[in-house]
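Residue numbers (our numbering), protein chains in the order written: chain A, 275 to 521; chain B, 14 to 312.
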């Protein structure tokens, strides 16, 4: 290095980049935490209840499905007591033209409205805790029947190997009217500015498939169920965009 | 540049690092707490020592390359502060908050010494990035499949032991042997995500522990990922063997800690061996000068 450069390096302890950097960090060290605390308190979102309890959801709203026969065996579902909310819908359904054990599918909806919620575990995590082995994770396109909501969306598809059968699952989240498939995306959507109130809802369709068999027919059943159930939930149960903007 | 000339950048770096720790103090406390209470995040505690050793290995080059601070330094630090603020409110993402340390570290290096010093110290920035304790839930979707494959391989391999049958049940390995039944690696998913980062930290440290030709760095970089997978699988296998033959309870810490430490040593030894082989693959020219592009040349 030349002597001139060396001199310029050693000289001037308060070179402006250092001074700016130190000033910035000092300011942030003193003021950032109180500022963020104040902002979080001032603009804190509040919770909002669904327009009607999810328990009012009826299988009659779904043209392609009927209630499953009472007492028919089905795949085990994750513990219903451990979902962290009382707003739950758990419907055992069957495709309209099917009989016996064929075409059975479970609609499982949970509704949350805590602004500080870290978003619960997703099926690929929860099913492992009860012994399932995740064999595939992907995405499944969902075509929504007539509604105010978008015509197409995407769900996450999961195939879980269980002792007797494979559990085939399609699920998505609806967060303040937005459809998301990951908990990080839900958390991001919950933080977006604009709305004054916040909710998110996990909508999950579960069916079974013979172990190791092609899961596509079972996944198609889940997609069809979500395509019919989501518009009903959006139109009749979940809060409207107008409600979300009011205190 | 003489030793006296180094006083200014060193003092400035210390001042900015202390201010940075004060600014990001809440995350700093959390990282320290995790590193001191979770064995699998313990490598974070070694970070200051690793950073000091990496700087020491590059001391001559850094001394030679120190320039006036770059204006991009304060800009990067500002990005780190804004990123930290945004990931605190309105979006709370703990891991993203932690990564602001990495951006801030790059900003401080630029502020103190300029671009060439940042290039020299790139290994430090990389190692700070890898050593940040990672949250499992955020990445569960990405890691569940590779983790399941690792557990599957471990189950099949352990089943080859005489009179032992191991099957995957959820994220646990259940074993049945002629003398006892039990569970291996209960609750392993979290460790299965965090520990590979500890291995990666070690491998990066070995790679950069001396100034190497760039081709060696690339070669070792390519080797790192399979090595992490091998180390993680070795950990599970050893954990299984110790649990089965030591008849340990599912939550016993000793087989977990022994297997974790042994796999770390294995990862270190394999990487040192690879580095040794690579170093001896190329012989210096007759004039004694190195014939490859090195970090120095690239700088």
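All C-beta atoms in this analysis are idealised placements derived from N, C-alpha and C, irrespective of residue type, glycine included. A quick note: this is a predicted structure, and the numbers were derived from the prediction, not measured.
Asked, Found
"Through-space distance from residue 152 of chain B to residue 102 of chain B, alpha-carbon basis", "21 angstroms"
"Residues that residue 120 of chain B contacts on chain D, provided the C-beta gap is smaller than 8 angstroms", "Absent from the structure: chain D. Protein chains present are A and B."
"The stretch 511–518 of chain A / the stretch 447–454 of chain A touching (three or more Cβ pairs under 8 angstroms)", "yes"
"Straight-line gap, residue 74 of chain B to residue 489 of chain A (C-alpha atoms, nearest Å)", "59 angstroms"
"Beta strand (DSSP E) segment containing residue 440 of chain A, residue limits", "439–449"
"Simplified DSSP assignment, three categories, for residue 409 of chain A", "strand"
"Neighbour-count burial assignment, residue 69 of chain B, 16 or more Cβ in a 10 Å radius", "exposed"
"As assigned by DSSP and simplified to three states, the class of residue 496 of chain A", "helix"
"Buried versus exposed call for residue 392 of chain A [16 or more other C-beta atoms within 10 Å across all chains shown]", "exposed"
"Exposed unless 16 or more other CB atoms sit within 10 angstroms - verdict on residue 194 of chain B", "exposed"
"Chain B contact for residue 407 of chain A (CB, 9 angstroms cutoff)", "yes"
"Proximity of residue 112 of chain B and residue 155 of chain B at Cβ, strictly below 9 angstroms", "no"
"Environment of residue 425 of chain A [buried if 16+ CB atoms lie within 10 Å]", "exposed"
"Outcome for residue 294 of chain B when other beta-carbon atoms lying within 10 angstroms are tallied against a minimum of 16", "exposed"
"Residue 305 of chain A: first and last residue of the uninterrupted beta strand (DSSP E) it sits in", "From DSSP, residue 305 of chain A is part of no beta strand (DSSP E) but of the alpha helix (DSSP H) over 290–316."
"Against chain A: residues of the stretch 162–188 of chain B by CB proximity under 7 angstroms", "181, 182, 183, 184"
"Bounding residues of the beta strand (DSSP E) (the contiguous stretch that carries residue 428 of chain A)", "426–435"
"is_contact[residue 45 of chain B, chain A] using C-beta, thresh 9 angstroms", "no"
"Chain B contact for residue 399 of chain A (CB, 9 angstroms cutoff)", "yes"
"Straight-line gap, residue 94 of chain B to residue 61 of chain B (C-alpha atoms, nearest Å)", "22 angstroms"
"Proximity test, Cβ basis, 9 angstroms: residue 102 of chain B and chain A", "yes"
"Within chain A, partners of residue 98 of chain B - CB distance below 7 angstroms", "306, 310"
"Cβ-based neighbour list, residue 463 of chain A, same chain, cut-off 7 angstroms, excluding 5 preceding and 5 following", "449, 450, 452, 454"
"Alpha-carbon to alpha-carbon, residue 286 of chain B and residue 429 of chain A", "47 angstroms"
"Residue 353 of chain A to residue 362 of chain A span [Cα, whole Å]", "Summary for residue 353 of chain A: the model assigns pLDDT 49, below 50, so the residue's position carries little reliability; its value from the coordinates is reported in the next sentence. Distance between the alpha carbons of residue 353 of chain A and residue 362 of chain A: 12 angstroms."
"Partners in chain B for residue 367 of chain A, counting only beta-carbon separations shorter than 7 angstroms", "Here the premise fails: no neighbours, minimum Cβ distance about 27 angstroms."
"In DSSP terms, what residue 479 of chain A is bridged to", "A:381, A:444"
"Residue-chain proximity (residue 402 of chain A, chain B), Cβ-Cβ < 9 angstroms", "yes"
"Status (buried if at least 16 other CB within 10 Å, exposed otherwise) for residue 82 of chain B", "buried"
"Best match in A:406, A:374, A:427 for proximity to residue 415 of chain A [C-alpha to C-alpha]", "A:427"
"Residues sharing a beta bridge with residue 474 of chain A, DSSP", "A:386, A:449"
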